[in-house]
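Asker: Submitted below is the structure of interest, expressed as structure tokens.
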Amino acid sequence: MAPLPMSVTEPDGSAVLRVLSYNIRSMRDDTAALARVITACAPDLVLVQEAPRFFRWRKKLARLASESGLVILAGGGTAAGPALLCSLRATVERTEDVLLPLTPGEHRRGLATAVVRFGGARLGVVSCHLSLQRDERYEQGGMLLDRVAALGTEHVVAGGDLNERPGGRTFRRLSEDLRDCWAVAPWGAEHTFSATGPHQRIDAIFATKAIEILGCGVPLGHPGVTEADLRAATDHLPVLAALKVPAADQGLADDSRRR
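When we follow my numbering, the leftmost residue of the sequence shown carries the number 29, and every step to the right adds one.
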């Protein structure tokens with residue numbers, strides 16, 4: 029398997045970024061293995077699902093970020109599970125944790141969102157974990173797209189645990205407005221669940237149309253990522269994407285910083 033491109037800022041201001049999406053099951057499994065997987069993937073951004081939400085959740089998430097060479101960007105308990113981690117390459121413009129409407133009898137869901145810059149590239153980011161219930165999931169997919177539009181950035185990456193395969197109507201709804209990175213540039217393995225017997229793709233990374241997708245998939249065989257660690261870390265397999273984000277229009281970027 030050919031390696032994904034490494035992160036770099038180009039002379040024209042564009043940036044090649046590595047984005048990882050990972051359901052970490054509240055760090056109830058082997059956290060050392062989890063940190064090793066994340067570190068080996070060398071991500072600039074991590075879209076986390078099922079981050080710790082309750083007792084000392086900030087301390088637990090901060091420990092994972094530190095052990096992976098990253099920092100907390102947004103989310104966690106304040107977003108009902110989704111979180112964002114980032115490398116020190118990122119310059120943070122703003123963050124927002126969003127709680128979605130609560131359906132009685134179901135789990136609270138939310139979104140972790142941010143706008144960041146890497147060199148001259150400006151990027152909106154959203155991590156999500158959608159409902160197990162079909163109708164609620166579809167409505168949440170629409171709210172996710174609304175939030176992507178509301179970020180006010182030309183380039184956005186969004187992803188997470190959709191709890192649905194690509195043929196499902198919510199997955200299709202997202203794919204109509206955004207590009208499914210695996211479908212555009214498959215790399216590595218496809219199936220994300222379960223970690224011990226992967227047979228379905230229910231985790232995904234999406235990008236807006238002007239972002240160049242260089243490769244996306246489960247990093248089986250990636251240097252430093254072992255099958256033993258993937259099985260021990262959590263019940264999902266991660267999705268890793270390499271994306272080339274164009275430089276932002278300088279006038280728009282200046283306007284954003286003045287607001």
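Just so it is clear, CB atoms sit at the ideal spot from N, CA and C, and this is done for glycine as well.
None of these values were measured; they are calculated from a predicted model.
What residues match up with Gly188 in a beta bridge as DSSP calls it?
Answerer: Answer is Cys156, Ala232, bridged to Gly188.
Asker: Are the stretch 54-67 and the stretch 245-265 in contact at 8 Å, needing three or more beta carbon pairs?
Answerer: With the cut-off at 8 Å, the stretch 54-67 and the stretch 245-265 touch.
Asker: Tell me which residues share the same chain as Arg91 and place their Cβ nearer than 8 Å to its Cβ, disregarding the 5 neighbours each side in the sequence.
Answerer: Cβ neighbours of Arg91 beyond the five flanking positions: Thr59.
Asker: Do Gly169 and Leu158 have their C-beta atoms closer together than 8 Å?
Answerer: Yes. Within cutoff.
Asker: Among Arg162, Leu75, Asp163, Arg150, which has the Cα closest to the Cα of Pro266?
Answerer: Out of Arg162, Leu75, Asp163, Arg150, Leu75 has the C-alpha closest to the C-alpha of Pro266.
Asker: I want to know whether the stretch 202-213 touches the stretch 247-254 - three or more CB-CB distances under 8 Å.
Answerer: The stretch 202-213, when compared against the stretch 247-254, does not touch it at the 8 Å Cβ threshold.
Asker: Suppose you measure from the CA of Ser42 to the CA of Ile233; what does that come to, to the nearest Å?
Answerer: Approximately 20 Å between the Cα atoms of the pair.
Asker: How far does the alpha helix (DSSP H) with Ser94 in it reach, from first residue to last?
Answerer: It spans 85-95 - the alpha helix (DSSP H) in which Ser94 sits, taken as one unbroken run.
Asker: Run the proximity test for Asp257: is its beta-carbon closer than 7 Å to any non-hydrogen atom belonging to the ligand SAH?
Answerer: For the ligand SAH, the structure offers nothing, since it holds no ligand at all.
Asker: What first and last residue would you give for the beta strand (DSSP E) that runs through Gly5?
Answerer: Nothing about residue 5 can be reported from this structure: the residues present for the chain run from 29 to 287 only.
Asker: May I have the straight-line CA-CA distance separating Gly1 from Trp85, to the nearest angstrom?
Answerer: Lying before the first or after the last residue shown, residue 1 is absent from the chain, which here runs from 29 to 287.
Asker: Where does Ile52 sit, in a helix, a strand or coil, going by DSSP?
Answerer: Correct three-state label for Ile52: coil.
Asker: Can you pull the DSSP bridge partners for His250?
Answerer: Paired residue(s): none; His250 is not in a bridge.
Asker: Taking Val201 as part of the alpha helix (DSSP H), name the residues at either end of that continuous run.
Answerer: As written in the sequence, residue 201 is Arg, which differs from the Val given in the question. That run of the alpha helix (DSSP H) goes 197-205.
Asker: In this structure, how does DSSP classify Thr37 when only helix, strand and coil are distinguished?
Answerer: Of the three classes helix, strand and coil, the one that applies to Thr37 here is strand, per DSSP.
Asker: Work out the CA separation of Pro31 and Leu127 for me, nearest whole Å.
Answerer: Each residue's alpha carbon lies about 37 Å from the other.
Asker: Quick one: grab the DSSP three-state call for Ala270.
Answerer: Note: Ala270 maps to strand in three-state DSSP.
Asker: Do Thr123 and Leu89 come within 8 Å of each other at the CB atom, strictly closer than that value?
Answerer: No, Cβ-Cβ distance for Leu89 and Thr123 is not below 8 Å.
Asker: Going by C-alpha distance, which of Cys69, Ser35, Pro33 is nearest Gly252?
Answerer: Nearest option by C-alpha distance: Cys69.
Asker: Can you list, in chain order, the residues of its chain with a C-beta nearer than 8 Å to that of Ala118? Leave out the 5 residues immediately preceding and following it.
Answerer: So the qualifying residues of the chain are Asp72, Leu73, Leu101, Val144, Arg145, Phe146.
Asker: Alpha carbon to alpha carbon, what distance is there between Phe199 and Arg193?
Answerer: If you take the alpha carbons of Arg193 and Phe199, they lie about 7 Å apart.
Asker: Distance, Cα to Cα, Leu271 vs Asp57?
Answerer: Straight-line Cα distance between these residues: approximately 30 Å.
Asker: Between the alpha carbons of Asn191 and Cys156, how many angstroms are there, rounded?
Answerer: Using only the alpha carbons, I get a separation of about 10 Å.
Asker: Name the two residues that bound the continuous alpha helix (DSSP H) containing Ala178.
Answerer: From DSSP, the alpha helix (DSSP H) with Ala178 extends over 162-178.
Asker: Going by DSSP, what residue range makes up the alpha helix (DSSP H) through Asp257?
Answerer: Taken as a continuous stretch (DSSP letters only), the alpha helix (DSSP H) holding Asp257 covers 255-261.
Asker: For Leu268 versus Arg46, is the C-beta spacing smaller than 8 Å?
Answerer: Yes, the pair counts as a contact, with Cβ atoms nearer than the cut-off.
Asker: As a quick exercise: from Ala223, Asp205, Arg175, pick the residue whose alpha carbon is nearest that of Val235.
Answerer: One detail in the question is off: residue 235 reads as Ala in this sequence, not Val. Checked all of Ala223, Asp205, Arg175; the closest Cα to Ala235 is Asp205.
Asker: Alpha carbon to alpha carbon, how far is Arg150 from Ala276? Give it in angstroms, no decimals.
Answerer: For Ala276 and Arg150, the distance between alpha carbons rounds to 6 Å.
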